[in-house]
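Shown next, in structure tokens, is the structure this report addresses.
Number of protein chains: 6
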Amino acid sequence: MFGPDITFLGVERCDLGDPASFEGADVVIVGAPFDGGTSNRPGARFGPMALRQACYLPHDGSRPSLALRVDPLKDLKVLDAGDVECFSGDIETSIRDIEEAVHTISASGAVPLILGGDHTVALPDARGVARHHGYGRVSMIHFDAHADTGDVEFGNLYGHGQPMRRLIESEAIRGDRFLQIGLRGYWPGPDTLDWMAQQRMRSYEMTEIVERGLTECLTEAFAIATDECDGVFLSVDIDVCDPGHAPGTGTPEPGGLSSRQLLDAVRRICYELPVVGIDVVEVSPPYDHADITAYLGNRVILEALSAIARRRETAAGGEPWDPRKPLLEGRRAVPPAAAGL
Amino acid sequence: MFGPDITFLGVERCDLGDPASFEGADVVIVGAPFDGGTSNRPGARFGPMALRQACYLPHDGSRPSLALRVDPLKDLKVLDAGDVECFSGDIETSIRDIEEAVHTISASGAVPLILGGDHTVALPDARGVARHHGYGRVSMIHFDAHADTGDVEFGNLYGHGQPMRRLIESEAIRGDRFLQIGLRGYWPGPDTLDWMAQQRMRSYEMTEIVERGLTECLTEAFAIATDECDGVFLSVDIDVCDPGHAPGTGTPEPGGLSSRQLLDAVRRICYELPVVGIDVVEVSPPYDHADITAYLGNRVILEALSAIARRRETAAGGEPWDPRKPLLEGRRAVPPAAAGL
Amino acid sequence: MFGPDITFLGVERCDLGDPASFEGADVVIVGAPFDGGTSNRPGARFGPMALRQACYLPHDGSRPSLALRVDPLKDLKVLDAGDVECFSGDIETSIRDIEEAVHTISASGAVPLILGGDHTVALPDARGVARHHGYGRVSMIHFDAHADTGDVEFGNLYGHGQPMRRLIESEAIRGDRFLQIGLRGYWPGPDTLDWMAQQRMRSYEMTEIVERGLTECLTEAFAIATDECDGVFLSVDIDVCDPGHAPGTGTPEPGGLSSRQLLDAVRRICYELPVVGIDVVEVSPPYDHADITAYLGNRVILEALSAIARRRETAAGGEPWDPRKPLLEGRRAVPPAAAGL
Amino acid sequence: MFGPDITFLGVERCDLGDPASFEGADVVIVGAPFDGGTSNRPGARFGPMALRQACYLPHDGSRPSLALRVDPLKDLKVLDAGDVECFSGDIETSIRDIEEAVHTISASGAVPLILGGDHTVALPDARGVARHHGYGRVSMIHFDAHADTGDVEFGNLYGHGQPMRRLIESEAIRGDRFLQIGLRGYWPGPDTLDWMAQQRMRSYEMTEIVERGLTECLTEAFAIATDECDGVFLSVDIDVCDPGHAPGTGTPEPGGLSSRQLLDAVRRICYELPVVGIDVVEVSPPYDHADITAYLGNRVILEALSAIARRRETAAGGEPWDPRKPLLEGRRAVPPAAAGL
Amino acid sequence: MFGPDITFLGVERCDLGDPASFEGADVVIVGAPFDGGTSNRPGARFGPMALRQACYLPHDGSRPSLALRVDPLKDLKVLDAGDVECFSGDIETSIRDIEEAVHTISASGAVPLILGGDHTVALPDARGVARHHGYGRVSMIHFDAHADTGDVEFGNLYGHGQPMRRLIESEAIRGDRFLQIGLRGYWPGPDTLDWMAQQRMRSYEMTEIVERGLTECLTEAFAIATDECDGVFLSVDIDVCDPGHAPGTGTPEPGGLSSRQLLDAVRRICYELPVVGIDVVEVSPPYDHADITAYLGNRVILEALSAIARRRETAAGGEPWDPRKPLLEGRRAVPPAAAGL
Amino acid sequence: MFGPDITFLGVERCDLGDPASFEGADVVIVGAPFDGGTSNRPGARFGPMALRQACYLPHDGSRPSLALRVDPLKDLKVLDAGDVECFSGDIETSIRDIEEAVHTISASGAVPLILGGDHTVALPDARGVARHHGYGRVSMIHFDAHADTGDVEFGNLYGHGQPMRRLIESEAIRGDRFLQIGLRGYWPGPDTLDWMAQQRMRSYEMTEIVERGLTECLTEAFAIATDECDGVFLSVDIDVCDPGHAPGTGTPEPGGLSSRQLLDAVRRICYELPVVGIDVVEVSPPYDHADITAYLGNRVILEALSAIARRRETAAGGEPWDPRKPLLEGRRAVPPAAAGL
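Just so you know, the protein sequences line up as chains A, B, C, D, E and F, in that order. The numbering of the first sequence is full-length UniProt numbering, which starts it at 1 and goes up by one. The numbering of the second sequence is full-length UniProt numbering, which starts it at 1 and goes up by one. The numbering of the third sequence is full-length UniProt numbering, which starts it at 1 and goes up by one. The numbering of the fourth sequence is full-length UniProt numbering, which starts it at 1 and goes up by one. The numbering of the fifth sequence is full-length UniProt numbering, which starts it at 1 and goes up by one. The numbering of the sixth sequence is full-length UniProt numbering, which starts it at 1 and goes up by one.
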């Protein structure tokens, strides 16, 4: 929508208005360049543009993962549908149009991967997915510094601080299958926290994560996420990371995860769980430096895609992934010539 | 609305809900921290905050103008009403609320001075003023790189590219009393230009300004602005200046006025014409460097206020302003003691 | 002193010249916008302004802590006395005036919380507190990359590299109750280190912290800090954090703590120890990016205040704080209606 | 070559390896992302990417010029051939490949418009054009702060300080048809200046331009440029502008032209003279702020294209361009309905 | 003093403690890295470091001026004495030590050229010169947005807003030989202006400069400056330029001179008048972008030195400088070989 | 080569053309300001300049290490030979000249410490060392996000993505003594990884490092590095660190080491292993913020030098280094006077 018409790292384009163009896709990427719901620093409208190109390698539709030994952009059929036209001054129309686009993707059998935009878009993102998979049948794993469960803000029901409340109220996502990771700071207040408790949400504040370890917290969350649910929606607000790792965002909260922790967590989720929808939100290029936040968002996406690809490979009988295996172990260590090829 | 609750350079606060608080004011400043209408780079929501404080001098409610020999913050009663609450995701509500605030100020007899926000706010700004002074009785002098006369954009009637069309359509401002200064570049297209011609607008593109000189163009415009109109609304989009002088804005267009030209033009307008409303818009701090755009916007405001103060002083029998007079000429050049005081 | 006259996140103002205005306060915040003692990059004079406003939430004098379940700005009476006027070119007058302000606060029974400024201000900060609580009766916990125990630098006894030496020499703080955490790098040299050893200071260099763990080091330090002392002064130089987490500072030293580590350590100190004074120094906005250093400093302050509030609540019979307790556990998990309310 | 594969503001792509793809083109744009010849700040390799997209309007292959009343991207057939692959570490191969690409375009009858890259590329740019139009038959108008007539630098014949010497030595461009505008500063030294005088170059240093006026200097230069030459090559080094207007460049020299001056001069050249090749070089995004230098470069290109389009329109019998004509004068000022349409 | 020990563009070093080291020098450069007198943004302490190296050419002690046809670093004996040690927290000692250094240079017969530092240093700079040339015998030409004639600020007699008052009070410089160029904005107030008038200062505010032209104003000022004075001190506060051209400064005031205007004015002063001392102040690197302010300051210095060199050449019988003469005119336009050499 | 002629933190200069000037040196620093081999963001040419001066302490040739209790710049004879002249447009000449310089140093008995430059320079760096110590007799410990084992890129054998392949092919370094630490992301692809496996390289990808711990991986690597090799070359690409800690680099890859981890690892390598050559590369100042990447690179160098100094001290009978020992333990804790001195 803003700037040139590009696709994510050069993958093929598709057109949501033309079902044949994305038939058989595994993942369809769509941009939601909306930041009218931001309560503070705007700029996430440029997130889709930044996330699609923040990479120093050629934009050739190929990214072989060192760690997972797959090429997600080749092993999966990943297409980019471009951006939903979002006018930041009209939040209701934007939400409606995004939901429609996401649902179209979901209904085609592909995993929608939405490039935000501010976190407002999680409402149409997850609801669009749930409309296809069934309300209440998709759990949510939500990385964020903020609970995003506000009620009315600035006189409005919608915005980047409220999508999770609207999702639960709409019953698209069950409150007791809502897992939040990385919360911290000074928002929301007690009333909202009480409301969250009443929904039986499970929110891991950073103190608990530090004390118990992220690995243990994730394992616990995974069990909840897969109980009576068929799929998982993964929503990554880049501000879950510490501002040192992700300065380019609207509402930075010190004391967050490191980039490494986020990448490893996303990988594990997409490898171990049946992820049916993903969004990566709140990357705000005007506040970024040397594109480091956009690079991180781009890698979160690639990590997710790689793990989905490896999960499918494993499911199809491939070797389970072993994170301790050395990079070069098991490779064709004898030159073809020496091997008599 | 964003950040701490401050007033313009420390002037006194007033409350638009309490008429007594601004009774007798000459000028009332109000912030319109809205940027949901921006077609490209957002950030103008932080304009009011930046314009109020971009000054290295103490925030003491005093600014003696070297050039005009008045202290606008003391010689005039200037108050700051704070910000209208504007949710950038809801353009229609924001426009309504801003118009209401501006009308309240205008109706009190004061000159409203609105701190944008993106240029969307010129619609409620000028309409709020015209509601008081009479539709068609206020002319417009509009500094901008862009005509802002678009019709529908992003499926919406409102936005920062359309306020001038809506103003003329609503008959708040007559098309043939609409003076535009500084246009340039590659927008809008022929259809919109035809529409503008049909409204008998007078638009000075930079080429004409360079060829004829800004002084001559302004003189010509002043004659139109005061013909059959009782007052003038001055709308300053900071992008009328060259990006070298005003990088912190949403849609920078190279080849604009220098800071000096803009300050001198604003001064002349407010000294020579009966200005009844002012807005300064499109200062976008996230794209600024070393606050130079915010400083410029702050000085545009002070220049306007100083000239209004001097105009009133002259009208009350004071000496007419002579721009060629040396700074120290006519000052009390003999020390009080030597003068026997 | 610089820019508009604001208070810390909107708490009420008080006036150090008017004792009634801060009677009964628990904490009084005061700015020390001095950077004339900086040996390299200046800019910390803008620290107080930045620390007061670096937050994306409304400046409403309320900040409910997710982790500690208190609202420090409401559960405590926190006031802001504004800035001590500090002329950076006159270090001695500035030190004198800051000490006077701090002592005034301390003498009133409140905890002074000083917003630096460069680290020069730790001298008047801690001495002002010790004048009230008794020389030698207050221990120091000092987070910093640097020991700040230089003797004469640039021909002067005062500056941001020397306050700790002056404090010990003046006997305001006992050398053997001086705990330093986070030291690293290449300063000071052997003679100064010998002097420090002679004072029986206990300085935790990063190597020891990495090897033993920060938790163990803190526990050890706490025992020293409370031995024969009635109170603890907490001095946080933001450069104790790694430059990746705190770039906006005067003398960044790679290899420091993460934001998370600092926040957790400050929380623990203020929850477990009788803190009687705090300063947060060396935030230098001109070198910051996207305000991340200012945000970190703001959160250090809120973490300290929250822990003080929780400590008082616990002391008054409240439940001791359990860092492993899930965020929503123990909240009013049954909606009022369902509970028959 | 770097980043996504985009075209200039959305014009159609062509392929230099496929002559049919650019048959009948008026202008073919090609990127030369080379900065291995830079003597100081690199980054011009990202010039093509930045110049193609530095615009806030939709990338829709249309840009109606307000001043010239043409739409250069529609009135001309403008195509974008993408980038020549340039390895910055291999200057000789890069020069060879760029020259080949430019010659291919020139030979097709189109005007090549090269997006630099550092000024090294002017050698293959102008030589590629001269190979088609005839050595010595094309004059050069060269905007720059620097003469770029160095001999051997860093032990090499090629680089961004030497292309003009190599061009004259190769006889591609006659020294006495070499017009330089905007030189200033402290380079080159007397020997090189003597060499330039011997070639009968005509170089307008800023002092002469200030004293005589740019308009007069250009008029004089135009007479030389068209004497015994069939075409003009226009080479615009963005550093001809003052660093305030063009900070994002490798070797900024204070005291240059304003943006407005450069745009007006480029317009006049392309309207009045038979331009057969253009390059815009030395835009270095890593040193830019808020993209203002890239925006300026983009507008230099559009100004050139617009003037070429208007020149052709005038040549085909259209009304000569009058810079003093008001923007809306002569437009369809009666609404279609009122006109009975 | 800060960073590595370098000299201005590679000229030879001298030592003020060793008179032999600067015997026979024409100009001695000395740094005054002091910013303790800044009323707002600090950073000018890094001015000397930045001014010495802000150039993309080799640091080889040679800079042939295109415009003036001299090489000031070779035609004059220019030495660099390094920095005076200035502790920004101790303004009085710093002033004393700078004055001593400047006087030492002046007494040796060389022109001192001081690299600021904030404008505080003009007091010791001009007083150091006047001590040698005679109190009242040196006039002042002062480029600045601000009059710098404040009395007491922050309780102190010294600072960057007061040096000109102290100079006149001390009778080092006569008030009626004090020429100020470029003033504008909202400081100082009437009382200070009255004081200035009483001293018979002549201050050119920007309005007068725009109306009358800078050239005419300078000519008028030159007559005053040379009346009953033997020498001229030139003090250039970089903020005399518009913030678009000089963002990296402490107290930017919109509406100033362009870079080109300042360079031409400095050149003319140093060519036409007997300059006996120079300072260039208020370059603040932390607020600069892409070093453009530092580059401008560096060129101000080179322009001054070049003009001094050309003035001496002319005085020694050389051809007077003609600004309208084309760059290559009069050069050795016949190649040595062709000329039979 | 760029900017002023300085040495690393003020150590003495030597001249590679004059063997006497570096006779007896322990370490000779040399700059390789080459970035023509960069596949994406350039700027590393300014690495040597930045690495030499990125320190807030005086540039006095002394840096007492707190952790290691040595002063590497005094306890070792460390000299700086300045920069090898590298024209970034000519990669082959640059490689040749760098190798020659490094070999000269190595042959003198000193450890060469090369300041990059992009990683292209590792080829001449390590080959220059191996030419002296024997091909195959020096192992490599290589910190990097990237394997740098590409074959032909951009049609060229040389560049910053290929040095490690060329080193192994040339047999300067044995593939099975090549240890890589910190690899991650999406490059290179399977064919290159197979080639690496065939060479029996040992590459620690971040996943393995996170799972097993960096300490254990290093210990394992050390055993390989010292098996049948006499020395170790340490090559540190700053992008091994997370972009949050090292934004100023050409090809940032999220998820890397922290600064602390890198410093500790470098220290351990240089303390435990016989390091015979070091390079620190890919610091790119144009992309840095607040110099934090340059500071990190500077500290990597100091950490390496300190550990070498301590290793020699220990080898000479000094106390082995104990990382758990408190900073002040074992210092002269009794004041000289009290001790009767």
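Ideal Cβ placement from N, Cα and C applies to all residues, glycine included.
Proximity to L327 of chain D across B:T207, B:I301, B:C229 peaks at B:T207, based on C-alpha coordinates. A265 of chain D and L218 of chain D have their C-alpha atoms spaced approximately 8 Å apart.
Cβ contact annotation for D15 of chain B (same chain, cutoff 6 Å, sequence separation greater than five): S21, in chain order.
Residue pairing for G277 of chain A: DSSP places it in a beta bridge opposite A:F233. Looking only at F:D291, F:G155, F:V275, F:Y271, the smallest Cα-Cα distance to A130 of chain F is reached by F:V275. Contiguous alpha helix (DSSP H) elements confined to the stretch 60-97 of chain D occur at 72-75, taking only those with 4 or more residues.
Within the same chain, D148, T149 come within 6 Å of M164 of chain C by CB-CB distance, once the 5 residues on both sides are set aside. Residue contact check for N40 of chain F against chain A: a CB pair falls below 8 Å. The residues L327, in chain order, have a CB closer than 8 Å to that of L66 of chain F in the same chain once the five nearest residues on each side in sequence are set aside.
In the same chain as L263 of chain B, and ignoring 5 residues on each side of it, the C-beta atoms closer than 7 Å to its own belong to R299, V300, E303, in chain order.
Take the alpha-carbon of L73 of chain E and the one of G231 of chain E: they are about 22 Å apart. With a threshold of 16 other beta carbon atoms within 10 Å, R324 of chain D falls short and is exposed.
Here P286 of chain F is not near R45 of chain D, since their CB atoms are 8 Å or more apart. With fewer than 16 other CB atoms across the displayed protein chains lying within 10 angstroms of its CB, S170 of chain A is exposed. With fewer than 16 other Cβ atoms from the protein chains shown falling within 10 Å of its own Cβ, V152 of chain C counts as exposed. In this structure, L167 of chain B and R127 of chain B form a Cβ contact; the two beta carbons are roughly 7 Å apart against a cut-off of 8 Å. D60 of chain D sits exposed, since fewer than 16 C-beta atoms from the chains shown fall within 10 Å of its C-beta. Using a Cβ-Cβ cut-off of 8 Å, R324 of chain D counts as an interface residue toward chain B, since at least one Cβ of chain B sits closer than that to its own. In this structure, DSSP gives M201 of chain F a state outside helix and strand, which the three-state scheme calls coil. Counted as a single uninterrupted DSSP element, the alpha helix (DSSP H) harbouring V129 of chain F occupies residues 122-133. Under the Cβ criterion of 8 Å, H59 of chain E is counted among the residues facing chain F.
Taking the beta carbon of Y287 of chain F as reference, the chain D residues within 9 Å of it are P286, listed in sequence order. Nearest in C-alpha terms to L79 of chain D, of all of D:G37, D:D26, D:F2, D:G255, is D:D26. One finds Q53, H59 in chain C with Cβ atoms closer than 8 Å to the Cβ of G3 of chain B, taken in chain order. In this chain, the beta strand (DSSP E) harbouring I141 of chain D covers 138-143.
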